[in-house]
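Residue numbers (my numbering): 48 to 160.
Glycine included, C-beta positions come from ideal geometry on N, C-alpha and C.
Since the model is a prediction, treat every value here as computed from it, not as a measurement.
Okay, structure coming up:
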């Protein structure tokens, strides 16, 4: 029974890491590179590479029915989890903060009064 519970916990953590990495990758695509630079973070290309690698690692670490691994517990798995946490805790809030501002000199004013 304990082995089954342990397998379920490993699967839940691995699945959460994969979903989080995929969500972060999709989320990073929606911000322009200028927003990353305005927020003082690595450029968009680097974050897409980091989150893309985290997504691949997390998928491969999924237990057998879905992926090829035995869980996210290895050193690469921990690195993937850390990358996703850093994106959601540090980078994404800054991108949201700078995302609504006028970056690059373009104006959203369409005229009117």
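How long is the line joining the alpha carbons of residue i and residue j, rounded to whole angstroms?
| i | j | result |
| --- | --- | --- |
| residue 84 | residue 60 | 32 Å |
| residue 145 | residue 95 | 18 Å |
| residue 125 | residue 118 | 11 Å |
| residue 152 | residue 87 | With a pLDDT of 49 at residue 152, under the threshold of 50, the modelled position of that residue is not reliable, and the figure given next carries that caveat. Each residue's Cα considered, the two are about 18 Å apart. |
| residue 131 | residue 110 | 20 Å |
Once you ignore the five residues that flank residue i on each side, which residues in its own chain have a CB closer than 7 Å to its CB?
| i | result |
| --- | --- |
| residue 90 | 80, 83 and 84 |
| residue 53 | none |
Can you name, in chain order, every residue of its own chain whose Cβ lies under 6 Å from the Cβ of residue i, other than the five neighbours on each side?
| i | result |
| --- | --- |
| residue 105 | 64, 65, 68 and 127 |
Are there any heavy atoms of the ligand MG lying less than 7 Å away from the beta-carbon of residue i, as far as the coordinates show?
| i | result |
| --- | --- |
| residue 65 | As for the ligand MG, it is missing from this structure, which has no ligand bound. |
Please work out which residues of its chain come closer than 8 Å, Cβ to Cβ, to residue i, disregarding the five sequence neighbours upstream and downstream, and give them in chain order.
| i | result |
| --- | --- |
| residue 135 | 67 and 71 |
- Query: Which residue spans inside the segment 68–114 form an unbroken alpha helix (DSSP H) run of at least 4?
  - Reply: 80–85 and 91–108
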